[in-house]
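Numbering (our numbering), first residue to last: 46 to 401. Glycine included, every Cβ here is placed at the ideal spot set by N, Cα and C. Some notes on the structure that comes next.
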């Protein structure tokens with residue numbers, strides 16, 4: 046009995062030392078971006094300058110890192126898994142995403158959850174695979190080892206290097222990564238996303254005005270304060286750009302329900318993950334600012350189980366993807382493409398606008 050107790054103590058000490066070493070290593074290698082970072086293009090193929098009073102087609106899509114298609118669930122949403130079972134599944138989802146992007150005549154594309162070198166997607170460089178025209182990439186999730194949030198070390202998420210990708214068929218003068226507030230304290234902070242805005246500045250021919258294009262993916266698994274703080278910073282930024290005389294379009298995954306969407310897709314699983322709620326008073330004060338979304342089709346599903354639309358009691362939908370447009374941007378059309386969540390847990394949102 047004495048030997049057993051001694052052995053047990055040694056095992057416990059080894060585990061504790063191992064965990065302490067892991068936390069220390071992750072702390073030393075923590076990704077800490079600057080408040081503002083200038084970005085270099087990963088693809089630049091067009092010098093076409095945007096014309097005044099243009100009508101433009103944009104697409105925003107959280108592609109779920111080509112790992113969250115219809116067959117998948119996710120542990121943070123009440124599911125069981127942390128990654129697809131094999132590389133072939135990732136390749137299939139990514140091909141489907143590429144086909145959707147190529148099938149539409151989109152002038153600008155905003156993508157979220159684009160993996161570059163991640164264990165969960167078998168080191169596939171999705172940013173390069175999806176780049177075209179003029180493309181910029183901004184990392185928002187960089188960590189050499191992310192444990193499984195349920196079992197700590199068993200079946201870990203592993204190495205993560207993921208972010209936002211913006212593509213445009215027009216000249217981009219500059220692009221920058223703007224850091225957003227992180228709501229997590231140490232040690233949770235070291236394995237969590239460092240959210241940001243990917244801001245692209247597109248010149249307009251014969252004008253000092255620019256089109257300011259903001260790609261975003263706001264906080265998901267916080268207690269709510271993070272989403273509020275990040276939304277406030279977004280509001281302050283887009284308001285300042287509009288006051289300079291620029292056109293502003295901000296799009297992406299807000300992880301918050303768009304106004305008036307809850308009546309179309311009520312919360313039926315309150316014990317699982319719930320998004321925040323966007324309110325019209327979160328827009329800048331000047332009249333004419335708009336939240337733009339499509340309530341006819343859900344933009345996201347909960348990953349508590351593989352997708353089964355026939356199981357209405359356990360299939361939770363949301364409208365958390367869309368846009369904010371400034372008063373000098375005319376809304377022509379918005380449509381969420383109903384792709385049946387085949388290749389991602391989000392449906393893409395297609396926006397058509399005109400510059401006034």
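Here residue 375 carries a strand assignment [DSSP, helix/strand/coil]. The shortest C-alpha to C-alpha distance from residue 234 to any of 216, 192, 260, 221 is the one to 192. Here the segment 374-389 lies against the segment 328-347, with 3 or more beta-carbon pairs under 8 Å apart. Contact fails between the segment 305-317 and the segment 112-121, because fewer than three Cβ pairs, one in each stretch, are under 8 Å apart. In the three-state scheme derived from DSSP, where H, G and I count as helix and E and B as strand, residue 217 is classed as coil. Between the segment 103-117 and the segment 70-87 there are fewer than three inter-stretch CB-CB distances shorter than 8 Å, so the stretches are not counted as touching. Residue 260 and residue 138 have their C-alpha atoms some 22 Å from each other. The distance from the Cβ of residue 104 to that of residue 151 is about 5 Å, consistent with a contact at the 8 Å cut-off.
Judged by their CB atoms, residue 275 and residue 365 are not nearer to each other than the 8 Å cut-off. A Cβ-Cβ separation of about 7 Å places residue 161 in contact with residue 207 under the 8 Å criterion. Put simply, the backbone Cα of residue 325 is about 42 Å away from that of residue 132. The Cβ atoms of residue 124 and residue 373 do not sit closer than 8 Å to each other.
The criterion of a C-beta distance shorter than 8 Å is not satisfied by residue 322 and residue 262. Beyond the five residues adjoining it in sequence on each side, residue 78 comes within less than 8 Å, by CB distance, of 184, 222, 224, 239, 241 in the same chain, given in chain order. Judged by their CB atoms, residue 400 and residue 292 are nearer to each other than the 8 Å cut-off.
Residue 171 places its beta carbon 8 Å or farther from that of residue 154.
The Cβ atoms of residue 93 and residue 214 sit closer than 8 Å to each other. Within its own chain, the residues whose Cβ lies closer than 7 Å to the Cβ of residue 135, once the five positions on either side in sequence are excluded, are 111, 112, 129, 166, 167, 169, listed in chain order. Apart from the 5 residues on each side of it in sequence, residue 363 sits with its Cβ closer than 8 Å to the Cβ of 302, 306, 310, 320, 343, 344, 345, 346, 347 in its chain, given in chain order.
Inter-residue distance for residue 69 and residue 226 is about 23 Å (C-alpha atoms, whole angstroms).
Residue 264 is classed as buried because its beta carbon has at least 16 other beta carbons within 10 Å across all chains shown. By the 16-neighbour rule on beta-carbons within 10 angstroms, residue 333 is exposed.
For residue 151, no beta strand (DSSP E) encloses it, and the DSSP letter there is neither H nor E.
Nearest in C-alpha terms to residue 163, of all of 147, 176, 190, 156, is 190. Residue state for residue 179 is assigned as strand, using DSSP reduced to three classes.
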